[in-house]
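Notes to accompany the following structure.
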Amino acid sequence: MKVLFASSEIYPLVKTGGLADVSAGLPAALQTLGQEIMLIMPAYTDALAVAGEVQEVATMQVSGCGQQRSVRLLRGILDRIGCSLLLVEIEGLFDRPGNPYQTLSGEDWPDNGERFALFSQVVADVALDRFNLHWQPEIVHCNDWQTGLVPALLSREDPNQRPGTVFTIHNLSYGGHFPYLLFEELGLPPEWWHFTRIEFYGSMSMLKAGIVFADYVTTVSPSYADEICTEEHGFGLHAVLQQRQKQGRLQGILNGIDTQIWNPQHDPYLPFHYSAQRGRVARRKQNKLALLQLLDKEHATALLSAPLIGFIGRLIEQKGIDLIIQALPELMKSTNASFVIVGTGIHLFERQLTALARQFSRRIFVRIDYSEKLAHLIEGGADMFLMPSRFEPCGLNQMYSLIYGTLPIVHATGGLKDTVIDTNKTTLENGTATGFVFDSLTPATLCYTVQRALLQYQRPRRWQAMQKTAMLQDFSWQNSAQTYLNLYHQASPQGVLYACTTT
Ligand code: ADP
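The numbering of the sequence shown is this note's numbering, which starts it at 39 and goes up by one.
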């Protein structure tokens with residue numbers, strides 16, 4: 039099958055979160071299944087710098103908000119996975135430094151609406167071969183609000199002539215909401231300004247456009263697919279999501295992870311490689327020492343025997359970092375564990391964490407940083423991994439933690455619930471326990487669950503058995519890619535025709 043895969047981030051060209059990992063991992067797995075994938079992403083300045091050789095293959099003009107802009111399509115190969123890549127250069131919109139969505143001082147670019155609406159317009163034009171590339175996909179797979187207008191624009195075409203559309207929600211909390219003025223300036227059909235289309239409480243929602251107009255909507259774990267249909271987790275979109283679910287058009291497909299990059303047997307960031315094989319897991323201790331030496335050279339050896347608990351992620355409320363901050367003083371009193379926390383995010387949380395690291399300088403290590411090296415070393419060296427997310431569409435770190443034997447402590451939500459098996463009498467007896475799961479989101483429950491984990495940690499043989507069970511879980515992309523492929527077949531023009539005649 040020919041698939042055009044549209045995303046605003048693709049690892050390693052540009053990454054702000056899990057979307058980038060998925061946008062490389064899934065296409066790679068689909069290629070392995072024999073499919074023909076073309077990636078398409080904006081030509082950000084930083085991405086161009088690492089994309090290697092690219093060639094201009096087409097040019098065009100698009101009408102933006104009140105002005106004509108030149109578009110250049112640059113074609114290359116995403117080396118690491120050997121996948122065809124189109125970078126979309128739109129005059130004045132993506133040739134900016136840093137983050138794809140924000141200025142260097144952390145504000146959203148004021149013209150984000152126009153930037154991604156025009157990117158979506160170009161994606162739709164490529165999908166219809168209006169750039170004369172002599173390549174037409176059967177499926178356009180769109181991701182998150184930045185590509186939400188693509189299914190909407192394609193819905194205006196003859197269903198037999200246009201490709202099928204799949205829209206994946208990676209995080210419902212980012213809606214891509216913009217004022218009516220943008221809707222007008224883009225010249226979108228007036229009838230779309232309706233609550234059953236893309237109007238959302240007086241704004242235009244690009245996320246809603248994807249949800250309403252795509253042939254199929256997916257999200258990144260089965261539990262999250264159910265959760266977003268509830269008022270509590272639906273961010274105001276639960277009714278429309280419920281409708282898509284009733285039509286059989288909403289599906290949760292668990293993300294995979296890239297086992298080339300995340301594999302303790304050959305991870306280049308780890309000084310000592312290990313596997314679940316007999317006698318190998320114990321080597322993690324050497325990585326723990328290397329990690330501790332990086333954090334506190336002087337006391338590393340002394341800290342080695344105490345449990346070390348890691349956290350890596352964006353320092354935002356979604357990730358429950360505020361709960362960790364509230365629980366840490368109590369955890370300092372009631373346990374002997376040390377903590378290493380790596381991330382960037384809301385300044386208040388950064389400041390609070392830095393203050394805690396100063397107050398408990400021997401046991402709390404905080405790095406306000408984005409560091410691949412530390413992330414890998416924590417997965418390969420810490421004993422446990424903390425992920426008390428309020429909601430988590432899928433989450434990657436808990437899966438990395440499982441296959442690295444860093445037993446995760448997680449809130450029972452979304453993908454966390456779907457991947458971690460709580461330790462209790464039954465799961466200990468039948469050998470399925472892989473971590474620690476809690477329901478109630480309070481600092482007290484978090485403390486209690488950490489204590490529960492520490493109790494098991496004191497029994498090394500049992501702990502190692504759990505580590506091995508965790509490390510043998512299969513989170514490779516292969517299974518999920520096959521599920522996406524089945525969906526592509528249903529969503530392709532023949533599939534759409536079939537659906538129309540049977541519903
Ligand atoms: P989200 O996409 O919501 O940020 P995920 O768990 O799905 O959360 O994916 C986050 C990805 O970003 C993971 O690959 C994680 O290792 C990485 N990451 C997040 N923060 C950092 C950081 N400070 N340093 C290194 N990697 C990070």
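Note that beta-carbon positions come from the ideal geometry of N, C-alpha and C, so glycine has one too.
Quantities reported herein were computed from a predicted structural model and do not represent experimental measurements.
Cβ neighbours of residue 318 within its own chain (closer than 7 Å, five residues either side excluded): 312. The beta-carbon separation of residue 98 and residue 169, rounded to 6 Å, stays under the 8 Å limit for a contact. Remark: C-beta atoms of residue 436 and residue 454 approach each other more closely than 8 Å. If you look at residue 254, you'll find it in the beta strand (DSSP E) that goes 254-257.
Between the ligand ADP and residue 428, a heavy atom-to-CB distance of less than 7 Å is absent. For residue 437, the enclosing alpha helix (DSSP H) covers residues 435-442.
Note on residue 218: under 16 other CB atoms within 10 angstroms of its CB, so exposed under the neighbour-count rule. Residue nearest to residue 423 within the set 362, 429, 397 is 362 (criterion: CA-CA distance). Proximity to residue 180 across 73, 473, 255 peaks at 255, based on C-alpha coordinates. Residue 352 has its CB nearer than 7 Å to a heavy atom of the ligand ADP.
By the neighbour-count criterion, in which 16 or more other beta carbons inside 10 Å mark a residue as buried, residue 376 falls on the buried side. Residue state for residue 151 is assigned as helix, using DSSP reduced to three classes. For residue 485, the enclosing alpha helix (DSSP H) covers residues 481-495.
Straight-line measurement puts the Cα of residue 397 at about 49 Å from the Cα of residue 283. Residue burial annotation: residue 306 is exposed, with fewer than 16 other C-beta atoms found within 10 angstroms of its C-beta.
Taken in chain order, the complete beta strand (DSSP E) segments of 3 residues or longer contained in the region 165-211 are 177-181, 202-207.
For residue 377, the enclosing beta strand (DSSP E) covers residues 376-381. In this structure, the C-beta of residue 435 approaches the ligand ADP to less than 7 Å from one of its heavy atoms.
Per DSSP, residue 108 is not a residue of any alpha helix (DSSP H); the beta strand (DSSP E) it occupies stretches across 106-116. In the structure shown, residue 405 adopts extended strand secondary structure according to DSSP, grouped into three states. Within the model, the alpha-carbon separation for residue 68 versus residue 104 is close to 40 Å. With a cutoff of 7 Å, residue 382 counts as near the ligand ADP, since its C-beta is closer than that to a heavy atom of the ligand.
Non-local beta-carbon contacts of residue 530 in its own chain, meaning distances under 8 Å to residues more than five positions away in sequence, involve 39, 176, 177, 201, 202 in chain order. By the Cβ criterion, the region 266-278 is not in contact with the region 221-230, since fewer than three pairs of Cβ atoms, one from each stretch, lie closer than 8 Å. Assignment of residue 273 by DSSP, reduced to helix, strand and coil, places it in the coil class. Between the beta-carbon of residue 116 and that of residue 126 there is about 15 Å, and that puts the pair past the 8 Å contact cut. Inter-residue distance for residue 257 and residue 513 is about 16 Å (C-alpha atoms, whole angstroms). Residue 449 carries a strand assignment under DSSP once its states are collapsed to helix, strand and coil. The region 338-353 makes contact with the region 424-433; the number of CB pairs closer than 8 Å reaches 3 or more. The bridge partners DSSP lists for residue 130 come to none. Setting aside the 5 residues that flank it on each side, residue 479 is surrounded in the same chain by 358, 361, 426, 428, 449, each with a C-beta closer than 8 Å to its C-beta; the list follows chain order.
For residue 267, the shortest C-beta to heavy atom distance toward the ligand ADP is 7 Å or greater. At least one heavy atom of the ligand ADP lies less than 7 Å from the C-beta of residue 59.
Here residue 345 really is in contact with residue 492; their C-beta atoms are around 6 Å apart, less than 8 Å. Annotated as proximal: residue 247 and residue 186, with beta-carbon spacing under 8 Å.
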